[in-house]
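In what follows, a structure is listed as structure tokens, so that the remarks can point back to it.
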Amino acid sequence: MVKIYTTTTCPYCVMAKDYFKKIGIQYEEFNVAEDEKAREELVRKSHQMGVPVIDIDGTIIVGFNRAEIDRALGK
Numbered sequence: 001m002v003k004i005y006t007t008t009t010c011p012y013c014v015m016a017k018d019y020f021k022k023i024g025i026q027y028e029e030f031n032v033a034e035d036e037k038a039r040e041e042l043v044r045k046s047h048q049m050g051v052p053v054i055d056i057d058g059t060i061i062v063g064f065n066r067a068e069i070d071r072a073l074g075k
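By UniProt numbering, the letter at position 44 of the sequence shown is numbered 44, and the numbering carries on one by one without gaps.
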């Protein structure tokens, strides 16, 4: 399962979501600017407040790092 923690104004969040769409990966999005519970989960998982934070089956990736995303997806 892929989860992505985002904000509305984050350009790297858009890039990450576009990349997942391009390669056919479904994801669940959590807007941490609007969802306090998701924001707390983001901090607990990544120990920071930056976005995007991507959780791929428990592998945490901070920022849009295509190589790390591909590695976590087994590509």
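Quick reminder that beta carbons are idealized off the backbone N, C-alpha and C, glycines included.
In this text, all values refer to a predicted model and were calculated from it rather than measured experimentally.
- prompt: Which two residues bound the contiguous alpha helix (DSSP H) that contains residue 78?
  reply: Since the first residue shown for the chain is 1 and the last is 75, residue 78 is missing from the structure and cannot be characterised.
query: Looking only at its own chain, which residues have a Cβ that is under 7 angstroms from the Cβ of Phe64, when we skip the five neighbours before and after it?
result: As a first step, residue 64 must be located in the sequence shown, where it is residue number 64. Tyr12, Met15, Ala16, Pro52.
- request: With DSSP as the reference, please indicate the residues paired to Val28 in a beta bridge.
  value: Position 28 of the sequence shown, counted from the first residue, corresponds to residue 28. The residue asked about is misnamed: residue 28 is Glu in this sequence, not Val. Answer is Lys3, bridged to Glu28.
- request: Indicate the three-state DSSP secondary structure (helix, strand or coil) for Asp57 in the structure shown.
  value: Within the sequence shown, residue 57 is the residue found at index 57, counting from 1. Asp57: coil per DSSP, three-state reduction.
query: Using DSSP with H/G/I as helix, E/B as strand and the rest coil, what is Val51?
result: The residue labelled residue 51 in the question sits at position 51 within the sequence shown. Residue state, collapsed to three classes: coil.
message: For Ile54, count the other beta carbons within 10 Å of its own beta carbon; 16 or more makes it buried, fewer makes it exposed. Which is it?
response: Along the sequence shown, read from residue 1 onward, the residue named residue 54 stands at position 54. Counting Cβ neighbours within 10 Å, Ile54 comes out buried, since at least 16 surround it.
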